[in-house]
Structures are given as structure tokens and as C-alpha cells.
Amino acid sequence: MNFPLSLSRARAHSTYIHSTHDTHDSHDPPSSARILRLSTISKLKTGAPGASARFPDPRPNVASPSIDSFSTLPDQEISDFQIDSRDLQVKVDNPQKHLETLETYITFRITTRTTRLEFEEGEYVVRRRYNDFIWLRQKLVDSYPTHIIPPMPGKHTLLAQLDRYSKEFIIARMKLLHIFLNRVVNHPILSCDKNLHIFLTTKPSEFLVHRKNRGNVLGKVTDSLQNIASTYTMKQRHLEFEQIRDYCTALGEKLSAIDKINHRIHKERQAIFHVVHCNAIDYLLELHQLHPIFTLWATSEPELTPILLAIAKAVEANAMAHQKLLENVPNDEREYVSYIEAVKNALSRRDSMQIEYEITIDVLAKRRLEKDQLVGNTNYTIPAQGWGGSLWKAESRDEKLERLGQAIPRLAKQAEILQDRVECANENLRSDFQRWNVEKQQDLKNMLITMTDRHIRHYQQCMNAWEEILTGLKLDGIGSDVNVGPPVKIPV
């Protein structure tokens, strides 16, 4: 079913994202299976039964037949969204592609439902692009440097750049943006931010005005904190936060190791090659070729037709299960490593505040020492000015005392303010880390359970397919007269 595009404006129009391009190898199969080429390629293109009904033609970027086909939430989660008791709920879905004269970009629909008094309406629906999410996160970092700001999904890699408008890439990004926004909304402090309110409620024209309004005072403060952390070294390290940093580092290394093992297994499954006539034939392609081979064989062997057709069915079921497993490869471990990095970044910003406080304390101590030396030295004389001296008059003892008398109270007040800021930063980080620790335990549990369930379902489908053959053999009485000898002992 095709949907016509509206071309009322020649300058811009938008289309819904379509599925990715199917890519297939052009290697010739062995001669024994050459006659089955068209059947094999047809099966590879169609994939799972019913898939072509949702995404008719994988080639051009045309309108998707269903908005819900791009939803990142399963039906159960959508129903949970309806009965959610939280006072602020958000959902990111329905990506849309916009083609303009100078650029092409993707927007996502953000649906907000709330009962909070600061919102004038109970429901808002807006569209935002990826750069708008980046703007929101940067505003949160600038406004709340001592809080853990959830991470954004990373930019596409060079490889993804070639197909960044594919269905898989857009769906993965949409899911991560949904997770990011819900983490922000679930935070008791970040959810009350005015920039978040603007992001969720304003129309595109109003939002563009807010984005162009560069009130970067807080941004400059954040940049200065980063510069301090890269230039100076903290003298008194806080044991509590150093332990948190070490824990995050160890956890990130373990998740990275799990991610590498997971992708290595996926790569081995995806790239099991057999060299036939100097051509690499993919394992999945061979599985798809076996089904028509056994079917054709069954037509020439009437006595073996039931068993051959049963084997063909089992092989095809294994091929479909293998293809489904390869298509659904989550990157949850890699994305959670970025969340751990966000925690470490918050720790670094907190360390920068302590370094700034320590620097102020050192300067204050030097000024007080200088004043004490001047007060104790009554025989202070102005250094003589020679021909090579300065043209400016040297500062007298009284002038130095007056200058120090003004600088010391100012530095003392600044040190007090910075000390209060460090203490507030410590409390904010303690509170956020406790929240993150609870959230992290649930996230990691769900992540590992999901990974395990994927593999269990895969092997269960493969095993069920072969068990059906055994059931058929027993019903047909095939193999009932076969004598099974004693097991062969293999010498060790």
C-alpha cells in the first residue's frame, strides 16, 4: 500500500522513514544448486513471513504504511504509558524525514502527559530533531554541573554515515532518545528545569528563538571548571568519591568486556564462511539454499519424501531463527558504558569545584602571610629605582597593607562561597549516585536477562524444529527396526 507525498511546497516535504536496503552477495552457488537460485534469493528478500506487508519495498525512501511500525515501545509498554501514575510522562516515537533545499534531517514526535501545575495543558505533542536533544542536555549540564546528567546516544559512525537514514539506525536512535528523555523526566531536580519545560511544550518557531538565545554565562562556568580540572591537581582527594570513581571504572571495563564477547559471538555467527570454488558463501545463505535442495530431492525420491520434506522444514526454521538472531543485536552494554562515563564526568566537575576552592585557599594564605610580614617588618623601605627600573612609582608599605586589607576579606568571602558550593556538590552527587545505583541494578538485570532470553529463544526454536522431525519419524515407524549397538569407548 503506497501513500502519495504532498508536494504543495517545492522547497520542502517530509516522508516517513522506510526500512533499510537489502544487500545480498552476488556469488554463484555450487552447480548442484544453481537451478534453485531464484527461489533462494526470493526467500532471502522476503525474510520472515509477513515482513513485506509492513515494509513493501526496501529500496526508496517512501512513506511508511504505518506510523506505529516505527514505535520504539512494545504494545505492553504503550499500555503502561496509558495507566502510568507519574505526574510527568514522555514518549518518543514516530520519526519523520524532512527533505529541504540545504539539508535533510529526522524529527521525532514527543508526547508529554502531565498533571503538574506549571504546565498549562495536560498533554503536549511536539517534534524535535537530534540537535535539539543535544541542546537540552548541554543546558542541563550548564545548569546542574554537580548532578548526573544522562548521556545522549552518540553520533553515527563513518560506516553508519552511509546509511544513517535506514530504518534500523533511526529506530535505534529513537529508542535511546526515549530512554534519555525518560531518565531526565524521572529525576526530581532535572524534571523541574525550565529548559526541559520549553523543550517539551513550545512550538517550533518559539523553540528556535530559545535555542538562538545564547545565555552562556553558565556555559562559561562549566568550561572554566573543565579547564581547571585539566590544569591543576587536587590536593586533598575525597575518599568517598574516589571509591565511586574506581567502581565506575571497574564496571565500565566489565561491561566493555561483555560487549566485546557479545559482538565477537555475533560476528562469528554472521561470518561463518565456507570456501567453495574460491567464493565465500555465507552460512545463512547456505541454510536458505538447503530448503529448496531437500524439496527438489523429495520429488525424485518418493519413498523418502516425508523425511526429506521434514528436514527441509527444519532447516528453513533454523535459517529463520538464525536470521532473526542476527538482525536483533542490542548495544545495551555499549550504551550503558556511556552512562557510566556521565557519572565520571559529574565527578570530574565536582573535583574542579574543589580544586577552585583549594586554589582560593592557597591565595588567601599567601596574602595573609604577606600582610603579617609587612606588619612585623617596621623597617620596610621602598626599593631604589635605577635607570633600568620601572617608570612607575614603587608601592609603599602602607599602600600594600591597604591593598591586602581589601583583598583578604574578598578572598575569605569567596573561599566561604566556594566551600558551600563544594558541600552542595557533595550532597548532590551522593543523592544522585544512590538513585543511579538503584536504577543501575535494575537496568543491568534487565539487560542480562534480555540477552539470555534472546539466546534461549533461538536455541529453543532450533531444537523444536528438529524435535518435530523425531516425532514424525516415530509416528511413521521409521527407524523402529534399527538396532543400536553398545556405545563405542574412545581411549583417552
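Numbering-wise, the sequence shown is residues 1 to 492 according to UniProt numbering. For glycine and all other residues, C-beta sits at the position ideal for the given N, C-alpha and C.
Setting aside the 5 residues that flank it on each side, residue 308 is surrounded in the same chain by 294, 295, 297, 298, 301, each with a C-beta closer than 8 angstroms to its C-beta; the list follows chain order. Non-local beta-carbon contacts of residue 360 in its own chain, meaning distances under 8 angstroms to residues more than five positions away in sequence, involve 411, 414, 415, 418 in chain order.
Of the candidates 425, 129, 258, 425 places its Cα closest to the Cα of residue 351. Taking 8 angstroms as the cut-off, the beta carbon of residue 86 is found no closer than this to the beta carbon of residue 110. In the DSSP secondary-structure assignment, residue 123 is bridged to 113. Between the alpha carbons of residue 188 and residue 117 lies a distance of about 15 angstroms.
Residue 325 counts as buried, since no fewer than 16 other beta carbons sit within 10 angstroms of its beta carbon. In the three-state DSSP reduction, residue 193 falls in the coil class, being neither helix nor strand. Exclusion of the five residues before and after residue 407 leaves 367 as the residues of its chain whose Cβ lies within less than 6 angstroms of its Cβ. In the three-state DSSP reduction, residue 188 falls in the coil class, being neither helix nor strand.
If you draw a straight line from the Cα of residue 330 to the Cα of residue 420, it is about 43 angstroms long. Within the region 226-270, complete alpha helix (DSSP H) segments of at least 4 residues are found at 239-270, given in chain order.
Exclusion of the five residues before and after residue 136 leaves 195, 196, 199 as the residues of its chain whose Cβ lies within less than 7 angstroms of its Cβ. Between residue 402 and residue 336, the alpha-carbon positions lie close to 56 angstroms from each other. With contacts defined as CB atoms closer than 8 angstroms, residue 184 and residue 150 qualify as a contacting pair.
Linking residue 207 to residue 346 through their CA atoms gives a straight-line distance of about 28 angstroms. Note on geometry: alpha-carbon atoms of residue 470 and residue 429 lie some 60 angstroms from one another. In this structure residue 190 does not touch residue 108 by the C-beta definition: roughly 19 angstroms separates them, more than the 8 angstroms allowed. When the Cα atoms are used, residue 370 and residue 232 turn out to be separated by approximately 24 angstroms. In the structure shown, residue 106 falls within a strand segment according to DSSP collapsed to helix, strand and coil. Taking C-beta atoms under 8 angstroms as the contact rule, residue 314 and residue 465 qualify, at a distance of about 4 angstroms. Restricting attention to alpha helix (DSSP H) runs no shorter than 4 residues, the region 299-384 encloses them at 305-327, 332-376, ordered along the chain. Looking only at 97, 438, 446, the smallest Cα-Cα distance to residue 332 is reached by 446. Residue pairing for residue 93: DSSP places it in a beta bridge opposite 109. Cβ neighbours of residue 458 within its own chain (closer than 7 angstroms, five residues either side excluded): 321, 325.
For residue 88, the pairing in a beta bridge is given by DSSP as 114. Counting along the chain, residue 134 sits inside the alpha helix (DSSP H) bounded by residues 130-143. Straight-line measurement puts the Cα of residue 374 at about 47 angstroms from the Cα of residue 139.
A straight line joining the alpha-carbon of residue 237 with that of residue 353 spans about 12 angstroms.
DSSP places residue 459 within a helical segment (H, G or I) once states are collapsed to three. In the structure shown, residue 431 falls within a helical segment according to DSSP collapsed to helix, strand and coil. Scanning its chain for C-beta atoms nearer than 6 angstroms, with the 5 sequence neighbours on each side dropped, one finds around residue 343 the residues 148, 248, in chain order. Beyond the five residues adjoining it in sequence on each side, residue 182 comes within less than 7 angstroms, by CB distance, of 90 in the same chain, given in chain order. By the neighbour-count criterion, in which a residue is buried when 16 or more other Cβ atoms sit within 10 angstroms of its Cβ, residue 455 is exposed. Taking C-beta separations shorter than 7 angstroms and ignoring five residues to either side along the sequence, the partners of residue 404 in its chain run 367, 370, 371, following chain order.
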